[in-house]
Amino acid sequence: MDMTAGTVTAFVGDSLTEHGDWQALLPDQSVINFGVGGNTTHDLLERLDEVVAAGPSTVVVEIGTNDFAWRLPLEEVVENIQAILSTLRQKLPDAAIVMQSILPRQPEYAHVVRTVNEQLERYVPSVSCSYVNLWPALADENGGLKPEFTTDGLHLTDAGYRAWFAALKPALGA
Numbered sequence: 001m002d003m004t005a006g007t008v009t010a011f012v013g014d015s016l017t018e019h020g021d022w023q024a025l026l027p028d029q030s031v032i033n034f035g036v037g038g039n040t041t042h043d044l045l046e047r048l049d050e051v052v053a054a055g056p057s058t059v060v061v062e063i064g065t066n067d068f069a070w071r072l073p074l075e076e077v078v079e080n081i082q083a084i085l086s087t088l089r090q091k092l093p094d095a096a097i098v099m100q101s102i103l104p105r106q107p108e109y110a111h112v113v114r115t116v117n118e119q120l121e122r123y124v125p126s127v128s129c130s131y132v133n134l135w136p137a138l139a140d141e142n143g144g145l146k147p148e149f150t151t152d153g154l155h156l157t158d159a160g161y162r163a164w165f166a167a168l169k170p171a172l173g174a
């Protein structure tokens, strides 16, 4: 496949990204899904070279929720995501990079996820990335995923993906 032809958008993340039909969101572009179920920020850091090798003009990042399941310290999660974004910026200087907030999950994680998201939102301008806050579209009043968007409090239903797509589209010019 000739990656230089047309616009290539890479979606990078964990199972939430892996299960999204991103090509349907951007039908006029070449979309590569680099989502891998179970990935943590450490895992993604270790496989960034494959993303860079694809030469995307846009990189859309969603990562971090699995780090909370492993009980990694908040500082480590933030530092890893900052390293992911700075590495992508360094190796893909002309690419548009869109960092998405870590999605809401079960309400007991709301405080830590919000804390990390706030730090990421402050960080992204320093590496010329944009930020999309998905919480207004996906979170309920307790900071968990809205019940209509999930069956297990973590993974999304089709309705959840539609809400995510709608929140993300403006940042992609779609």
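Quick note: UniProt numbering has the sequence shown finishing at residue 174, numbered continuously throughout. Every residue gets a Cβ at the ideal spot worked out from N, C-alpha and C, and that includes glycine.
If you keep only unbroken alpha helix (DSSP H) runs of at least 4 residues inside the segment 37–67, you get 41–46, 48–53. Residue 140 and residue 106 have their C-alpha atoms spaced approximately 10 Å apart.
Residue 174 counts as exposed, since fewer than 16 other beta carbons sit within 10 angstroms of its beta carbon.
Inclusion of residue 81 and residue 56 in the CB contact set at 8 Å is not warranted, their separation being larger than that value. The three-state reading of DSSP puts residue 80 in helix, counting H, G and I together. Taking 8 Å as the cut-off, the Cβ atoms of residue 59 and residue 86 do not count as close.
Proximity of the segment 8–25 to the segment 35–42 meets the contact definition, three or more beta-carbon pairs being nearer than 8 Å.
In the three-state scheme derived from DSSP, where H, G and I count as helix and E and B as strand, residue 35 is classed as strand. Sequence-distant Cβ neighbours of residue 171 in its own chain, meaning closer than 7 Å and more than five residues away, are 98, 130, 132.
Closest by C-alpha distance to residue 42, out of 52, 62, 67, 27, is 67. Going by DSSP, residue 11 is part of the beta strand (DSSP E) stretching over 8–13. In the DSSP assignment, residue 131 falls outside any alpha helix (DSSP H) and within the unbroken beta strand (DSSP E) covering 130–132. With a threshold of 16 other beta carbon atoms within 10 Å, residue 70 falls short and is exposed. The DSSP-derived three-state label of residue 174 is coil. For the set 113, 47, 142, the Cα lying nearest the Cα of residue 83 is the one of 47.
Residue pairing from DSSP places residue 30 in a beta bridge opposite 8.
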